[in-house]
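*Asks:* Counting in the numbering used here, the sequence shown runs from 262 upward without gaps.
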Amino acid sequence: MAEEAIINNDSVQDQWGQICSQLKTEVGDTAFESWLKPLTLGSFSDGTMNICVPTRFMRNWVITHYSDRIHKIWEKKNPTIKNVNFIVQSVQEEAHGLYNPTCRSLLKKISSTPVPQNIYQSGSSFVANSNEGSLNDSLSVPLNPQYTFDNFVVGKTNEFAYAAARKVAESRNVSFNPLFLYSGVGLGKTHLMHAIAWHIKQQDPSRNIVYLSAEKFMYKFVRALRYKDTTAFKEQFRSVDVLMVDDVQFMGGKDTTQEEFFYTFNSLIEEGRQIIISADKSPADLEGIENRLKSRLGCGLVADIHPTDFDLRMGILNNKAQQLGIELPVKVAEFLAQKITSNIRELEGALRRVIAHSQLLSDKEITLDMTQDVLKDMLRSYDKRTTIDEIQKKVAEHFNISVKEMQSSRRARTVARPRQIAMYLAKQLTSRSLPEIGRKFDRDHTTVMHAVRKVEELILEDSSLAENVDTLRRTLEA
Ligand code: ADP
Ligand code: MG
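Structure representation (structure tokens):
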């Protein structure tokens with residue numbers, strides 16, 4: 262109670278005022294105006310001071326950049342304050358009376374000081390919007406602080422899209438409009454879009470960036486129609502400097518939304534604002550999208566991200582491991598990079614599982630055996646693609662012998678070597694155990710183990726054999 266009372270005591274407001282002046286001199290006017298001025302005091306209880314922030318994006322930013330400092334200064338001024346907590350309070354919530362009572366003071370302030378909403382984050386395309394009708398923007402996903410250019414590993418398959426994204430982020434003037442990124446799932450489109458947003462924000466916090474999924478766009482638009490408030494909807498986009506719409510394939514078949522999008526799009530382009538779009542297909546291949554919109558989408562720069570290759574997968578694994586401060590044995594990385602070829606999201610998921618497992622078991626060392634064990638289920642679904650039978654068949658064909666010979670007891674090098682290679686590939690490309698592989702060749706597990714070691718050695722010594730193995734792996738993985 263006594264603590265609750267402090268909030269009404271002018272001294273806390275005074276302290277906040279002093280803290281703000283101090284921060285202003287420390288961080289400079291521009292940063293202060295953009296990030297700290299919009300903050301307002303909320304309630305105080307149990308030693309925790311709540312501070313209201315208008316958007317999640319700002320909350321993330323403030324926490325990363327300023328919260329330690331704010332906490333330190335405040336603790337010095339008022340030792341009863343043990344924690345400083347940042348709470349999102351959006352302008353819309355205020356305006357529609359959905360405000361959180363914790364942030365009472367914002368309400369007073371809002372009438373006199375418009376809070377800059379420099380960035381609107383979108384709802385995720387994966388989460389269905391369950392509370393339509395509510396005007397609460399808290400469904401929004403904040404920009405992911407991990408999705409930066411620094412954390413983006415560049416390889417042959419994504420270098421073009423990366424270069425285009427960097428160019429757009431770094432250009433003061435609109436360069437390619439729109440920038441259209443496309444690829445299959447989990448290959449980095451959203452990551453690149455967030456990276457562009459972070460970069461622009463960092464260069465110039467005053468630029469108004471709107472990042473949202475096509476689903477969120479539709480949701481907002483439909484809601485505006487329902488509330489007969491399309492003017493306000495349009496208004497939101499008028500002051501936008503950079504508009505990013507993720508996953509526009511979701512607009513397929515939604516004619517009214519497309520129409521609205523088309524107008525928003527055209528007017529922004531005409532005014533020289535930057536637009537960045539992503540989709541799972543090229544503009545021409547998008548289904549259920551009107552032709553005039555398709556041609557509009559394709560009239561800037563179109564950049565696709567190709568499926569990953571082995572090198573990129575290795576790069577990503579090593580990069581992730583390094584970020585997390587994890588020792589990832591080369592063998593384990595190679596195994597994952599060979600196995601999890603579908604997309605980067607799954608590759609990261611697999612790595613995360615392995616790491617979690619090792620940490621849960623009190624820092625159990627990450628080994629190949631443990632990895633195979635932890636990922637058994639996941640790998641089984643991959644195995645459906647590559648079977649031992651298929652490996653035997655392909656390897657036999659490649660070396661011009663029959664599968665029967667491969668499974669026979671013949672020891673001639675012309676047969677034995679392909680057999681060893683097939684065993685090696687079976688170990689690499691399937692999650693079958695050594696005895697299971699052995700059975701398929703009518704051998705026991707020690708023979709398979711020996712074959713795997715032998716081929717590993719030969720790959721290092723004999724480049725033509727290494728090439729053969731590589732070609733076979735590619736064919737089998739294709
Ligand atoms: P998409 O939007 O194309 O479906 P995302 O951008 O969501 O894909 O990427 C999926 C995951 O893979 C994210 O966690 C992202 O950080 C990661 N990722 C994608 N590409 C790269 C890359 N080149 N370097 C590092 N991480 C990446
Ligand atoms: Mg995405």
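The beta-carbon is built from N, C-alpha and C at its ideal position, and this holds for glycine as well.
Since V635 is in the alpha helix (DSSP H), which residue starts that stretch and which ends it?
*Replies:* Note, V635: alpha helix (DSSP H), 629–635.
*Asks:* Considering just the uninterrupted stretch of the alpha helix (DSSP H) at G533, what are its terminal residues?
*Replies:* Here G533 belongs to no alpha helix (DSSP H), and DSSP marks it neither H nor E.
*Asks:* Applying the 10 Å Cβ sphere with the 16-neighbour rule, what's the burial state of R534?
*Replies:* Classification of R534: buried, given that the 10 Å Cβ count is 16 or more.
*Asks:* Can you give me the start and stop residues for the beta strand (DSSP E) that F347 sits inside?
*Replies:* That run of the beta strand (DSSP E) goes 344–349.
*Asks:* Use the C-beta contact count for Q463: other C-beta atoms within 10 angstroms, 16 or more gives buried, fewer gives exposed.
*Replies:* Exposed, because fewer than 16 other Cβ atoms sit within 10 Å of the Cβ of Q463.
*Asks:* What I want to know is whether the C-beta of N452 ends up closer than 6 Å to one or more non-hydrogen atoms of the ligand ADP.
*Replies:* This sequence places His at residue 452; Asn is not what is there. Flag set: Cβ of H452 near the ligand ADP.
*Asks:* Which complete alpha helix (DSSP H) runs does the region 424–497 hold, if anything under 4 residues is left out?
*Replies:* Complete alpha helix (DSSP H) runs here, min 4: 450–464, 475–487.
*Asks:* Would you kindly check if the distance between the Cβ of F498 and the Cβ of A485 is under 7 Å?
*Replies:* The answer is no: Cβ separation not under 7 Å.
*Asks:* Indicate the three-state DSSP secondary structure (helix, strand or coil) for A540 in the structure shown.
*Replies:* A540: strand per DSSP, three-state reduction.
*Asks:* Reducing DSSP to helix, strand and coil, say where N552 ends up.
*Replies:* DSSP places N552 in helix when its eight states are reduced to three.
*Asks:* Nearest to D307 by CA position, among Q519, S670, V509, N346, is which residue?
*Replies:* Per the Cα distances, N346.
*Asks:* If I measure Cβ to Cβ from S663 and keep anything under 8 Å in the same chain, skipping five residues before and after, which residues do I get?
*Replies:* A657, listed in sequence order.
*Asks:* With a threshold of 6 Å, establish whether the CB of G447 neighbours any heavy atom of the ligand ADP.
*Replies:* It does: the Cβ of G447 is within 6 Å (strictly closer) of some heavy atom of the ligand ADP.
*Asks:* Please state whether the Cβ-Cβ distance between Q737 and K655 is less than 7 Å.
*Replies:* Gln is not the amino acid found at residue 737; the sequence shown has Leu there. Yes, these two residues count as a Cβ contact at 7 Å.
*Asks:* When you compare only the Cα positions, how much space is there between D546 and Y524?
*Replies:* If you take the alpha carbons of D546 and Y524, they lie about 21 Å apart.
*Asks:* Here's the rule: buried if 16 or more other CB atoms are within 10 angstroms of the residue's CB, otherwise exposed. What is E588?
*Replies:* Looking at its Cβ environment, which holds fewer than 16 other Cβ atoms inside 10 Å, E588 is exposed.
*Asks:* According to DSSP, is V676 part of a helix, a strand, or is it coil?
*Replies:* V676 falls in the helix class under three-state DSSP.
*Asks:* Report the three-state DSSP secondary structure of C281 (helix, strand or coil).
*Replies:* If DSSP states are grouped into helix, strand and coil, C281 belongs with the helices.
*Asks:* At which residues does the beta strand (DSSP E) containing V314 begin and terminate?
*Replies:* Segment 309–314, the beta strand (DSSP E) holding V314.
*Asks:* Looking at the strands, I want to know which residues DSSP matches up with V506.
*Replies:* The partner list for V506 (beta bridge, DSSP) reads L473, I538.
*Asks:* Tell me whether I577 counts as near the ligand ADP, meaning its Cβ is closer than 6 Å to at least one heavy atom of that ligand.
*Replies:* At least one heavy atom of the ligand ADP is nearer than 6 Å to the Cβ of I577, so yes.
*Asks:* Throw me the rounded Cβ distance for the C281 and L297 pair, which I believe falls under 8 Å.
*Replies:* About 7 Å; that satisfies the 8 Å criterion.
*Asks:* Buried or exposed, going by whether 16 or more other CB atoms sit within 10 Å of the CB of T675?
*Replies:* So T675 ends up on the exposed side.
*Asks:* Suppose the cutoff is 7 Å on Cβ atoms and the five residues either side in sequence are ignored; what does the same chain contact list for W459 look like?
*Replies:* Same-chain partners within the cutoff: L404, T409.
*Asks:* Given a threshold of 16 other Cβ atoms within 10 Å of its Cβ, counted over all protein chains shown, does S528 qualify as buried or as exposed?
*Replies:* With fewer than 16 other Cβ atoms within 10 Å, it is exposed.
*Asks:* Rounded C-beta distance between V273 and L300? I'm assuming under 8 Å.
*Replies:* Contact flag wrong, Cβ pair sits at about 14 Å.
*Asks:* For I550, which residues from the same chain have a beta carbon less than 7 Å from its beta carbon, with the 5 sequence-adjacent residues on both sides left out?
*Replies:* The answer, listed in chain order, is M512, G513, Q519.
*Asks:* Which residue's Cα is closest to the Cα of E651: Q407, F478, A687?
*Replies:* Ranking the options by Cα distance to E651, first place goes to A687.
*Asks:* Let me know the secondary structure DSSP gives G303 once reduced to three states.
*Replies:* G303 falls in the strand class under three-state DSSP.
*Asks:* So what does D565 bridge to, in DSSP terms?
*Replies:* Paired residue(s): Y443.
*Asks:* Between the alpha carbons of L368 and E431, how many angstroms are there, rounded?
*Replies:* With a pLDDT of 30 at L368, under the threshold of 50, the modelled position of this residue cannot be trusted, and the question is left open.
*Asks:* Taking only heavy atoms of the ligand ADP into account, decide whether any of them is closer than 6 Å to the Cβ of F511.
*Replies:* Every heavy atom of the ligand ADP is 6 Å or more from the Cβ of F511, so no.
*Asks:* May I ask which residues mark the beginning and end of the alpha helix (DSSP H) holding M512?
*Replies:* Element bounds for M512: n/a, residue is neither H nor E.
*Asks:* Out of Q689, V716, N661, K450, state which residue places its alpha-carbon closest to the alpha-carbon of T648.
*Replies:* Selected option, being the one with the closest Cα: Q689.
*Asks:* Does the region 563–580 come close enough to the region 465–472 that 3 or more CB-CB pairs lie under 8 Å?
*Replies:* At 8 Å Cβ cutoff, the stretches do not touch.
*Asks:* Have a look at R743 and R735 and give me their C-alpha separation to the nearest angstrom.
*Replies:* Outside the displayed range of the chain (262 to 739) lies residue 743, so it cannot be described from this structure.
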